[in-house]
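So the sequence shown is numbered by my numbering: it starts at 464 and just counts up by one.
A virtual CB, placed ideally from N, CA and C, is assigned to each residue, including glycine.
Quick caveat, the model's predicted, so the values are computed rather than measured.
The next block holds one structure in the form of structure tokens; read it before the comments.
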Amino acid sequence: MTTDAKIKSPDGRDLSERFHNGLRTRREVLGGAYVDASIAKATPFNWPMQELVTEYCWDAVWNRPGLERKQRSLLNLGMISALNRPHELKLHVRGALSNGLTKDEICEVFLQVSIYCGVPAAIDSFRVAQEVFTEMNV
């Protein structure tokens, strides 16, 4: 599914250009295999969330001028870490590495989080990032 072929919603509707632009960006940042699996597992119940995230997060925001992807990834790591969302953090650590952040830069983000958002959030973030580094042999 990682081609540019136009996919349809579970109910057969054509999807917006914004969706397809966002899907392309989402695949570039998070990896085609992950995104395609996420789309394939979508149900009629959670499809509206897939559509919303793909159109607005991945197109309307990620494709805006003003910040490079590396900067957006840096911001996301800090915010997701502060929110203590380990599943999303793991995903975005991978994306941050793909967008050019280094392990040292990721470390600095989590140190910043520890001061402004709490040590427990930062400790969990270091733990999750280390899992990704080990999986990716980084």
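Rounded to whole angstroms, the separation of the alpha carbons of leucine 530 and glycine 541 is 16 Å.
Taken in chain order, the complete alpha helix (DSSP H) segments of 4 residues or longer contained in the stretch 524-592 are 532-546, 549-561, 566-580. For the pair phenylalanine 573 and threonine 517, the CB atoms are not nearer than the 8 Å cut-off.
Rounded to the nearest whole angstrom, the CA to CA distance from aspartate 499 to arginine 490 is 8 Å. Take asparagine 547, set aside five residues on each side of it, and the residues of its chain with a beta-carbon closer than 7 Å to its own are Ala584, Asp587, in chain order. With distances taken between CA atoms, alanine 592 lies nearest to Leu560 out of Arg535, Leu560, Gly485. Aspartate 474 and leucine 515 have their C-alpha atoms spaced approximately 16 Å apart. Bounds of any alpha helix (DSSP H) do not take in isoleucine 470, whose DSSP letter is neither H nor E.
A straight-line Cα-Cα distance of about 18 Å links tryptophan 525 and tyrosine 497. Membership of serine 501 in the alpha helix (DSSP H) is indicated by the continuous run 495-503. Taking proline 511 as reference, the option from Cys520, Glu594, Ser472, Phe596 with the minimal CA-CA separation is Ser472. Counting every other CB atom within 10 Å of its CB across the protein chains shown gives aspartate 522 a total of 16 or more, marking it as buried. The distance from the Cβ of alanine 545 to that of cysteine 570 is about 16 Å, inconsistent with a contact at the 8 Å cut-off.
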